[in-house]
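In the working numbering, the protein residues as written are -1 to 124.
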Amino acid sequence: MSRSIVLAGLLVVLPASGHSQEPLQPGDLPPEIEVPITQMRFDHATRIEGRVLYLDTYDDAMWIEWLRVHDGRQWLSISDRRQFVVYPASPEMFATFKAFPKGAVIRMTIQRDRDGKRRVLFLEGA
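Structural data, given as structure tokens:
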């Protein structure tokens, strides 16, 4: 009995307190969301440093934690932990991916391709 009273009370309160919000438009995103999204687009070749998390052998890709980005003059730390997948530019490069142990810190140049995938164009020291 008391359970049905509580449920009935919730049904009365919830619709009255609901807010009608319009969906966010692409240009309306708050900076804490928009800035990381923009930074991770990689429309241009970008040098980054990342820690190997694991290999995705199904997609022939590698998941990394992004640590730093090179701005053309110096390496800048990334303030939050961003993880994403990168794809090799060639099958031979994926063989190089396999040689990296989990936790290895690597430097690479990446750029988004026509399909929107982040391709590793160059691996430093490989």
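All residues carry an ideal CB built from backbone N, CA and C; glycine is no exception.
Inter-residue spacing [alpha-carbon to alpha-carbon] between residue i and residue j
i    : j    : result
A87  : I104 : 16 Å
W61  : E47  : 13 Å
G70  : D57  : 31 Å
K96  : L53  : 7 Å
V67  : K100 : 20 Å
P89  : S75  : 30 Å
F98  : M106 : 13 Å
Q72  : F40  : 18 Å
L27  : R112 : For L27, the predicted model reports a pLDDT of 44, less than 50, meaning its position is unreliable; a value from the coordinates is still stated below. If I take the Cα positions, the gap works out to 25 Å.
R80  : L51  : 11 Å
Q109 : Y85  : 10 Å
G92  : F120 : Gly is not the amino acid found at residue 92; the sequence shown has Phe there. Computed Cα separation, rounded: 12 Å.
E122 : R49  : 14 Å
E63  : V118 : 14 Å
Residue environment, residue i, which counts as buried when at least 16 other CB atoms sit within 10 Å
i    : result
R116 : buried
T44  : buried
V83  : exposed
A130 : Because the chain is modelled from -1 through 124, residue 130 falls outside the range shown and cannot be assessed.
Per-residue DSSP class, three states only, for residue i
i    : result
T94  : helix
P99  : coil
I104 : strand
Identity of the residues DSSP links to residue i by a beta bridge
i    : result
L119 : DSSP, once it has assigned bridges, lists no residue as partnering L119.
Q109 : R117
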